[in-house]
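The UniProt record's numbering puts the first residue of the sequence shown at 1, with every later residue one more than the last.
Think of the CB as a built atom: it goes at the ideal place given N, C-alpha and C, for glycine as much as any other residue.
If you're wondering where the values come from, they're calculated on a predicted model, not measured in any experiment.
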Amino acid sequence: MHQQPSPKRYRAPNKRHNQEENDKPRSLLECAELVLPWLTPSELANISLTCKSLHRISKSITALRSSDASRAFENLPIPFLNSVDTQPYAFFLYTPSQIPSSSSFVSPQRQPWGWSSSHDVQPNCGVETVRLTDGSAENAWGGCACGDCCVDNECPCSRFDGLEDVVVRECGPSCGCGSECGNRSTQRGVSVKLKIVRDSNKGWSLCADDFIPTGRFVCEYAGELLTTNEARRRQQKYDDLALGGCFSSALLVVREHLPSRKACLRLNIDATRVGNVARFINHSCDGGNLSTVLVRSSGALLPRLCFFASKDIKEGEELTFSYGGVRLRSKGSRCCCGSSSCFGWLPSEQT
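In structure tokens form, the structure reads like this:
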């Protein structure tokens, strides 16, 4: 006799199992929303080709990046606007202030950008900044202890209207006043409306998105602080890359002459890879509409390079300043400032 096969027992659907299976794609997408903001534009473009869901997330990240170059580090969003080509934004790591670059302070390799505000948990996305203070600086200039600089404007740390002096002193770490002190105007980040606009000749340029009156603080030139040897090494590398015609550096060398006039302090600030929106300020042979000012804060070891409006700036007007007067034609790049006094070549000198 043939043995009849036993009938298969019917099993009711496992609701818990089905729910877990349905949750898997959702969990993967949530992970993607956490991971993708850490990617570079090329990495983001490659992963967007894998499926529709990742393409949608990548598109959202690109839109968020284009809406604010500062990643919310500044008081106001600073958007990218491009009607020239298809590049939605310029990619770099953002820091609102100077950061040391040495063996003891390793520059970050990644920084999330395009993080959705819908998430409850935000990553630690800042570039770590270090307060550069020194005891000798505090002894030389102890700062104020009044604590009410905003009230009577009689603070011993001299005030500044943005136009007259070359070096300015502000309250700082060794002062008794708080962050809202009126003599800390350059320490609260960007407080004017700005936008980054694509130009067919210059590339990206920083423009006013509202009227900026004469003497108003605009922004600090933030980036990596380099030793002179490191600055020279990087500049040589940047010069080699620039020969291809598709690379632009943002290494700025500033010299502060000491009172004796026999020596000067040299600051090497590189915003090529890590910097703020000041990296988009272009040169103008006529001096531009911004004045550069070295600002020293009480108790701070090094000064900061800050930009003030040297004249009234209209909404939509490009922000520019003079990179310097020395021009080495063999190493310089062509100038596209368009001013009537244009020399034809960007300022350049031996680093």
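Looking only at its own chain, which residues have a Cβ that is under 6 Å from the Cβ of residue i, when we skip the five neighbours before and after it?
i           : result
residue 64  : 114
residue 279 : 250 and 271
residue 333 : 346
residue 199 : 205
residue 324 : 347
residue 238 : 249
By Cβ distance below 8 Å, which residues in the same chain neighbour residue i in space, the five residues on each side in sequence not counted?
i           : result
residue 44  : 36, 58, 61 and 62
residue 40  : 91
residue 277 : 69, 70, 74, 78, 190, 194, 196, 206 and 219
residue 273 : 92, 93, 107 and 224
residue 83  : 198
For residue i, which three-state DSSP category applies?
i           : result
residue 335 : coil
residue 306 : strand
residue 50  : coil
residue 225 : strand
residue 95  : coil
residue 321 : strand
residue 232 : helix
residue 343 : coil
residue 111 : coil
residue 34  : helix
residue 41  : helix
residue 190 : coil
residue 28  : helix
residue 65  : helix
residue 279 : helix
residue 301 : coil
residue 100 : strand
Report the partner residues of residue i according to the DSSP bridge assignment.
i           : result
residue 292 : 307
residue 239 : Looking at the DSSP assignment, residue 239 forms no beta bridge with any residue, so it has no partner.
residue 169 : 296
residue 59  : The partner list for residue 59 (beta bridge, DSSP) is empty, contrary to what the question assumes.
residue 212 : 313
residue 196 : 80 and 206
residue 184 : In DSSP, residue 184 forms no bridge with anything.
residue 254 : 267
Measure how close the beta-carbons of residue i and residue j come, nearest whole angstrom, since I'm counting them as under 8 Å.
i           : j           : result
residue 346 : residue 283 : 6 Å
residue 306 : residue 217 : 6 Å
residue 290 : residue 319 : 6 Å
residue 55  : residue 66  : About 17 Å; that fails the 8 Å criterion.
residue 299 : residue 173 : 4 Å
residue 296 : residue 192 : Not really, about 22 Å apart at Cβ, beyond 8 Å.
Return yes when the Cβ of residue j is within less than 9 Å of the Cβ of residue i, no when it is not.
i           : j           : result
residue 322 : residue 275 : no
residue 335 : residue 264 : no
residue 208 : residue 281 : no
residue 214 : residue 311 : yes
residue 183 : residue 228 : no
residue 294 : residue 254 : yes
residue 29  : residue 53  : yes
If you drop the 5 nearest sequence neighbours on each side, which residues of the same chain put their C-beta closer than 7 Å to that of residue i?
i           : result
residue 222 : 95, 96, 97, 98, 271, 275, 276 and 278
residue 38  : 110 and 112
residue 316 : 207 and 208
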